[in-house]
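Participant: Numbering (my numbering), first residue to last: 4 to 190. Quick reminder that beta carbons are idealized off the backbone N, C-alpha and C, glycines included.
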Ligand SMILES: Cc1cc2nc3c(=O)[nH]c(=O)nc-3n(C[C@H](O)[C@H](O)[C@H](O)COP(=O)(O)O)c2cc1C
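1. Kindly indicate which residue of 81, 178 and 101 has the alpha-carbon position closest to the one of residue 27.
2. I need the straight-line Cα distance from residue 174 to residue 48, nearest angstrom please.
3. What's the gap between the Cα of residue 42 and the Cα of residue 167?
4. Indicate, with yes or no, if ligand 1 has a heavy atom lying under 7 Å from the CB of residue 157.
5. Name the residue from 76, 90 and 94 whose alpha carbon lies nearest to the alpha carbon of residue 64.
6. Measure the beta-carbon distance from residue 15 to residue 76 and round it to whole angstroms, keeping in mind my assumption that it falls under 8 Å.
7. Using a Cβ-based criterion (distance less than 7 Å to any ligand heavy atom), does residue 22 qualify as near ligand 1?
8. Are the segment 152 to 172 and the segment 18 to 35 touching, with three or more C-beta to C-beta distances below 8 Å?
9. So is residue 112 in contact with chain C if we call contact Cβ pairs under 8 Å?
10. With residue 10 and residue 40 assumed to form a contact (beta carbons below 8 Å), what rounded beta-carbon distance in angstroms separates them?
11. Taking Cβ positions, are residue 73 and residue 118 nearer each other than 8 Å?
12. Would you call the CB atoms of residue 177 and residue 141 closer than 8 Å?
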C-alpha cells in the first residue's frame, strides 16, 4: 500500500502555551496512521513583502515547499479581533506567491477555530474560508468546528479531557479523510 501523504497542520498562534497548538497535538495523537498530521511552523517567517517574490528568503522557500509537499492542509486557529490572526494570514500570503505559483492551489483543506470564548472563533473560521476560496482549496463543509471553552478542554498531559470532544474530533478527522479522498490529487 502506498504511504499516505502528509497533512500539513498550520496553527494560527505563536503563543508558547497556545490552546490551538495543544489541540493540533491532541489531533496528532488521535489521528489514524492513514492521516499523518505534521505541524508546519509559521513563527520563523518574515513579514510578506512583494519585493521578495523574485528572491524569497530561505524560511519562506522552506515553508512553501512543506505546503507543496502536503496532500492536504488543516488550519487550527484562534480568532483575533473577530478575524484571522495576522501571523496566519502572513503565512498564507507567503505560500500563495508569486502569482500563479501558489503552494495552496487545489489542496483539500479543513478549518478548526478554537477560543476560550463561547462562539468558538466563528469570525476567524469564516474569514479564513474567504481566503481559501480564492486560493482554490476545496474546504470541508461539515462538520463545522467552532470550538469554545478552550481553557477547559485539555487534561494535564494535553489530552482531550472530555469524551464528547474526543468523539467530535474523531468524527471531524473521519470526515476530513473522506474529503481528502474525494477532492485530493495524487502527488
Ligand atoms: C489580539 C487578540 C485579539 C483577540 N480577539 C479575540 C476574538 O476576536 N475572539 C475571541 O474569541 N478571542 C479573542 N482573543 C482571545 C484569544 O481567543 C485567546 O487569547 C486564545 O487563547 C488565543 O489562542 P491560543 O491559546 O491558541 O494562543 C484575542 C486575543 C488576542 C491576543
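Facilitator: With the given structure in hand:
1. 81
2. 33 Å
3. 24 Å
4. no
5. 94
6. Going by Cβ atoms, the distance from residue 15 to residue 76 rounds to 12 Å, so no, they are not a contact pair.
7. yes
8. yes
9. Of the protein chains in the structure, only one exists, and it is not chain C.
10. 5 Å
11. no
12. no
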